[in-house]
Structures are given as structure tokens and as C-alpha cells.
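Residues 1 to 364 in the working numbering are what the sequence shown spells out, letter by letter.
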Amino acid sequence: MSASLDRPLRLLLLSTSVGALGSGLGGGVELTLHNIAQALSLRGHSVKIVAPSGSVTPFPLVEIEGTLQPTAQNEGRTAAIAMPPNAVLANMWAYAYQVQAQFDMLVNFAYDWLPFYLTPFFDRPIAHLVSMGSLTDTMDTIIAQTIARFPDSIGVHSQAQADTFSFGTQCRVLGNGFDLSLYQFCPQPEPCLAWVGRLASEKGLEDAVAVAQIVQKPLKIWGVLQDKAYWQQIQQQYPTAPVTYEGFLPTEQLQSALGKCQALLMTPRWVEAFGNVAIEALACGVPVIAYHRGGPAEIVQDGKTGWLVEPGSISGLVDAIARLEEIDRYTCRRQAEAVYSLAAMGDRLEQWFAAIFNHADIPT
Ligand code: HBI
Numbered sequence: 001m002s003a004s005l006d007r008p009l010r011l012l013l014l015s016t017s018v019g020a021l022g023s024g025l026g027g028g029v030e031l032t033l034h035n036i037a038q039a040l041s042l043r044g045h046s047v048k049i050v051a052p053s054g055s056v057t058p059f060p061l062v063e064i065e066g067t068l069q070p071t072a073q074n075e076g077r078t079a080a081i082a083m084p085p086n087a088v089l090a091n092m093w094a095y096a097y098q099v100q101a102q103f104d105m106l107v108n109f110a111y112d113w114l115p116f117y118l119t120p121f122f123d124r125p126i127a128h129l130v131s132m133g134s135l136t137d138t139m140d141t142i143i144a145q146t147i148a149r150f151p152d153s154i155g156v157h158s159q160a161q162a163d164t165f166s167f168g169t170q171c172r173v174l175g176n177g178f179d180l181s182l183y184q185f186c187p188q189p190e191p192c193l194a195w196v197g198r199l200a201s202e203k204g205l206e207d208a209v210a211v212a213q214i215v216q217k218p219l220k221i222w223g224v225l226q227d228k229a230y231w232q233q234i235q236q237q238y239p240t241a242p243v244t245y246e247g248f249l250p251t252e253q254l255q256s257a258l259g260k261c262q263a264l265l266m267t268p269r270w271v272e273a274f275g276n277v278a279i280e281a282l283a284c285g286v287p288v289i290a291y292h293r294g295g296p297a298e299i300v301q302d303g304k305t306g307w308l309v310e311p312g313s314i315s316g317l318v319d320a321i322a323r324l325e326e327i328d329r330y331t332c333r334r335q336a337e338a339v340y341s342l343a344a345m346g347d348r349l350e351q352w353f354a355a356i357f358n359h360a361d362i363p364t
């Protein structure tokens, strides 16, 4: 029985604490949070966002001071829990604890130990959107404890991401949702390729640059330059690759530049939880060529909206580029509309929240 909500909810959305909203440091979570706030508002729910000071959002916002959280990707599996002095994460959740009575549900976007640990101490249910796959033992353990005690409380973007955890089958797979009116369909591309993401080693940019050097087709790169040494090393390794770093653009500008490209290359080294940029590309009619790994493998329809390639296979990427004209760009746009619109995501979110309330036996 698909549970449903019978009234508008008052929702407190707690952001990632690795960076202010709008800084790009929060990676895909920044756009995900914004889109979820929009999808829920469109359905009549009231949302308020709690985020580090300096954040920018059109939604009601409470900015919290404090030290940003170190990013989890750079820690090893056995890393201890990081809590810097005056941690903004701790301050955000202290605020949430004070105001929880004004809300029906809290939604956590931080991939950190504290929000999960605090869940049993709150009077309100907390829905956790887990934004990455398994990274550390402490996170795996605390999320497993949370889902055991609060069934349905863990949302993820893809089954592949869920399956990196021992409790993968208990996670709620939500995909993602985008305001597709912001993305213009481009029927006629320019002869260039695109790569979008944080410039960091887990994103595997070097493979896309290697391909650009082989096919001698311009590759445009957008995203936060997170690891300068990594980028320098790639440029030295592929001196004749026709690549340009185009900076970090907000959605409006990114979609109009990305839309003009023949294809988006996604070459992640890790299990990409989802790959927001794949949907943004499809929304503009841009086929996606991706390693058959993680979230993108659940988004790309091989041979219809792009090509899935053996992970790490440079020759596979080259072959896929040669077959791009077999992909109908309008089919790409249609897939985004059918599955990844704000309305489709709003449905999935409401069903998720209703399931959480059902378990908690809390009248919605
Ligand atoms: N690291 N500690 C920590 N907490 C986060 O919320 C977090 C992170 N690293 C990356 C990140 N969030 C997001 O960029 C990705 O989840 C998309």
C-alpha cells in the first residue's frame, strides 16, 4: 500500500556542513537540497533551510555560525569521527533541537555521524538523505543503527549507491528531481565534449582528458577546482589534449553552455551516488557517455540516451563517441521529463515521508 500524506507538512531541511550553500563545496548536495525544497514547496509543504553562514537560497533560511566540517571523501575507512572546535554541524543540530516542535519532520542532508546519532533523541522524525556511497566504518555503522531503529528513514539516490552498504535493500531509492524549465533543449550541438564535476581524483577527470587527446575533440570542463595539484598533474600528463577549464558556473549559465556539447563524459573512479549532471545534460538533449558504474548506470539508457562503457576503458569511451549520432537528442530530453522532473521527485518524496510516518505511528 503506497502510503500518502493527508496534509501539508512543516519541514526543516538541514544542509551539508562542508560549505555554505552556493559555494560549490557541498557538491551535488547543494543543488539536490534546492531542488527538493522546490519540489516540496510546489506541493504546498512549508520548508525552512538550516545551513552554514554565508549560504544563499531563495527559501526561508537560518544561517548558523561555526567551523565547517572536513570532507568525508579524504578520510580513510577507519577514520575517527571528526568534530572541529565550534563545529557548524553541532551548532546546526543544537538549533534544530530547540525548534523541532515547530516542524512535523526534519530532513538531514549531511553525510556525517552526528545527525544520525541524534535521531533517537529528537521528538520529531528525521528523514536522512544519504548523498554518497559507503566511505567509512563509523558512517556505515551509525547509518545501519539508524535504519534498524527507524525503518524507511534512509533515502538514497540510486540502488547502486545503496548496495555499497550492508543495509542497501532497506534504503529508499529516490533518484533526484530538477526544475526542467531552467534547462533549454539544444537540438544542434557544437563539435565539443563536456565534463562536469568537482575536479578531484574520485571523479576520474584524467580519463576524459585522455580521450580528448585521442579523438582531438575539444573537451570543456566545468566544476569546483577542488584539487589544484590533481588538475596540474593531468595537464602535464596530457599536454596535447584540447581541454579548457571553464570554471564553476551556476545552473543557469552551466545548462546553456553544457547544452551546446555533443555529449557529457562521466568517468568516476568511485561509485557515484547518482550524478546530477547526467540529468542536467539529458534535460538539454545532451547524450551521456558514462562508465557502467554507480548512479549514472541507472540513469543512462544504453543506446537510447547515451552509452554505458566498461569502467576504465578509454577505448570504450572512444568507441562510444564515434557512435553519438545514433542517439536522438530529443529522447534524452524526454527521459528527463518522464522521470526526473520536480513533480516526479515530489511524488517520491511524499511517499517516502508517508512511509516514515507510518512506521513512527505519528498522525500525519
Ligand atoms: N563530507 N563530512 C562530509 N559531510 C558531507 O555532508 C559531505 C562531505 N563530502 C561531500 C559532500 N557532503 C557532498 O559534496 C556530496 O555528498 C555530494
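Ideal Cβ placement from N, Cα and C applies to all residues, glycine included.
Relative to the C-alpha of residue i, which residue among the options is closest?
i, options, result
"L265", "I279, S256, E252 and Q253", "I279"
"Q188", "D227, M105, S256 and D163", "S256"
"L14", "P8, V318 and P60", "P60"
"R124", "Y111, Q98, A148 and F109", "Q98"
"E190", "T240, Q262 and K203", "Q262"
"W231", "V209, I214 and T138", "V209"
"Q145", "H128, A160, L282 and Q159", "H128"
"E326", "Q301, D112, R348 and S134", "Q301"
"H292", "L282, V286, V309 and V277", "V309"
"A94", "T119, D104, E75 and A241", "T119"
"A79", "Y330, A20 and M139", "M139"
"C171", "L225, S181 and V156", "V156"
"P296", "M345, Q161 and L342", "Q161"
"R198", "S181, A20, G247 and P70", "G247"
"Q216", "V56, F122, V318 and P84", "V318"
"C332", "F116, M345, E350 and G259", "G259"
"L282", "Y238, E350, A355 and L182", "L182"
"G316", "E337, L135, T267 and F357", "T267"
"L33", "N74, Q351 and M345", "M345"
"L135", "K48, R7 and A72", "A72"
"E65", "N86, I81, N74 and D6", "N86"
"S201", "Y330, V224 and P218", "V224"
"F167", "A37, F150, C192 and L205", "F150"
"I143", "N35, G275 and P115", "P115"
Residue i lies in the alpha helix (DSSP H); which residues open and close that run?
i, result
"P52", "Taken as a continuous stretch (DSSP letters only), P52 belongs to no alpha helix (DSSP H), being part of the beta strand (DSSP E) at S46 to P52."
"W113", "W113 to L118"
"I314", "I314 to A322"
"T244", "Note, T244: premise wrong, no alpha helix (DSSP H); beta strand (DSSP E) at V243 to Y245."
"L205", "L205 to V215"
"L258", "T251 to L258"
Please state the DSSP three-state secondary structure of residue i.
i, result
"I221", "strand"
"N108", "strand"
"E337", "helix"
"V99", "helix"
"M83", "coil"
"S2", "At S2, the pLDDT of 48 sits below 50, so the modelled position is not reliable and the matter cannot be decided from this model."
"G346", "helix"
"W270", "coil"
"L13", "strand"
"G24", "coil"
"A144", "helix"
"T32", "helix"
"V277", "helix"
"G295", "helix"
"D163", "coil"
"F178", "strand"
"E75", "coil"
"V130", "coil"
"D302", "strand"
"V56", "coil"
Check this for me: beta carbons of residue i and residue j, under 8 angstroms apart or not?
i, j, result
"N321", "G306", "It should be noted that the sequence gives Ile, not Asn, for residue 321. Not in contact: I321 and G306 (Cβ atoms no closer than 8 angstroms)."
"V88", "Y111", "no"
"L31", "T251", "yes"
"K220", "T244", "yes"
"V29", "L68", "no"
"F185", "L342", "no"
"V271", "G294", "yes"
"V56", "L21", "yes"
"S46", "L11", "yes"
"F122", "L106", "yes"
Would you kindly report the start and end of the unbroken beta strand (DSSP E) that includes residue i?
i, result
"M266", "A263 to M266"
"Y230", "It is not in any beta strand (DSSP E) - Y230 instead sits in the alpha helix (DSSP H) that spans K228 to Q237."
"E326", "Where E326 is concerned, there is no enclosing beta strand (DSSP E), given that its DSSP letter is neither H nor E."
"V286", "First-last for V286: undefined, no H or E at that position."
Beta carbon nearer than 6 angstroms to a non-hydrogen atom of the ligand HBI:
The chain-ordered list of residues whose CB is nearer than 6 angstroms to some heavy atom of the ligand HBI reads T16, V18, G26, G27, G28, V29, Q69, T71, A72, Q73, A110, Y111, D112, S131 and M132.
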